[in-house]
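Asks:
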Amino acid sequence: MRETITDNIIIEKEISGQQYRLQAYPVDEYIEHDHGQLKLHTLYMVGISDNVVFDHTYKTTSYGAAPALMSVIPGLGQFYKGSTIKGICMLAGVAACGVGALFCENERADYKNMMKEQPQFAQKYNTKANNWETARNVCIGAAAALWVYNIIDAAATKGARKIVVKPGKANYLSMHPIVTPNAGGVSLTYNF
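Counted from 1, the sequence shown has number 94 at position 88 by the numbering used here; the numbering is strictly sequential.
Now the structure itself:
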């Protein structure tokens with residue numbers, strides 16, 4: 007069963023001896039599961055007067071280019087879009103690869119120093135230094151791959167549903183692309 011509230015609600019209420027006429031317009035609703043019960047929550051815009059002009063609202067999961075730009079710092083775009091666990095995983099993964107690369111480089115440098123200090127074991131230490139160098143490069147490659155994936159994920163996946171509010175009475179100019187079978191162009195619209 008699906009039921010959605012779409013009508014304006016008008017309530018006449020006396021508050022502190024003064025009569026008010028409240029108008030409410032539903033914006034969004036969601037269901038919460040609470041210990042075996044379902045609770046319906048509805049978000050309303052409320053105005054006081056007979057001729058209220060409500061703001062224009064719409065629901066979207068699109069966040070534009072901001073999450074991709076924010077993901078220069080791994081995980082920040084995912085946090086912005088409401089994917090906290092994914093953001094933590096991105097940040098922790100890149101950090102772990104970075105720490106791994108530093109550790110491997112430190113070990114490689116130690117073996118290179120030991121080659122100079124103990125030339126009789128130079129071949130053995132050189133092999134170990136080369137192994138640590140390979141591990142370092144793998145960590146750097148993994149960090150870079152995860153960082154690039156983080157940006158692509160922030161740009162391509164949908165985020166948590168949000169409500170966008172545009173002022174109801176504001177004058178604004180908007181541009182929209184137009185494509186027809188014979189032509190293409192840009193439409194300018196002025197809202198007043």
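Just so you know, even glycine gets a beta-carbon here, dropped at the ideal spot from N, CA and C. On a predicted model such as this, the values are computed, not experimentally measured, just so you know.
Given a threshold of 16 other Cβ atoms within 10 Å of its Cβ, counted over all protein chains shown, does LEU46 qualify as buried or as exposed?
Replies: The residue is exposed, with fewer than 16 neighbouring Cβ atoms inside 10 Å.
Asks: Taking the alpha-carbon positions, what's the LEU75 to CYS145 distance?
Replies: Each residue's Cα considered, the two are about 24 Å apart.
Asks: Starting from the Cα of THR66, find the closest Cα among ALA151, THR163, PRO183 and give me that residue.
Replies: Checked all of ALA151, THR163, PRO183; the closest Cα to THR66 is THR163.
Asks: Should SER193 go down as buried or exposed, given a rule of 16 or more other Cβ atoms within 10 Å for buried?
Replies: It counts as exposed.
Asks: Below 8 Å on the Cβ atoms is my guess for TYR64 versus PRO73; work out the distance and round it to an integer in Å.
Replies: At roughly 19 Å, the Cβ-Cβ gap does not stay under 8 Å, so TYR64 and PRO73 are not in contact.
Asks: For TYR69, I'd like the list of residues in its chain whose CB is within less than 6 Å of its CB, leaving aside the five on either flank, ordered along the chain.
Replies: Excluding sequence neighbours, TYR69 sits near LYS87, GLY165.
Asks: In the DSSP output, which residue or residues are listed as bridge partners for PRO54?
Replies: Per the sequence presented here, residue 54 reads as Ile, with Pro not at that position. For ILE54, which the question treats as bridged, DSSP gives the partners LEU28.
Asks: Which residue's Cα is closest to the Cα of CYS103: ASP116, PHE127, ASN143, GLY83?
Replies: When each option's Cα is compared against that of CYS103, the closest is ASN143.
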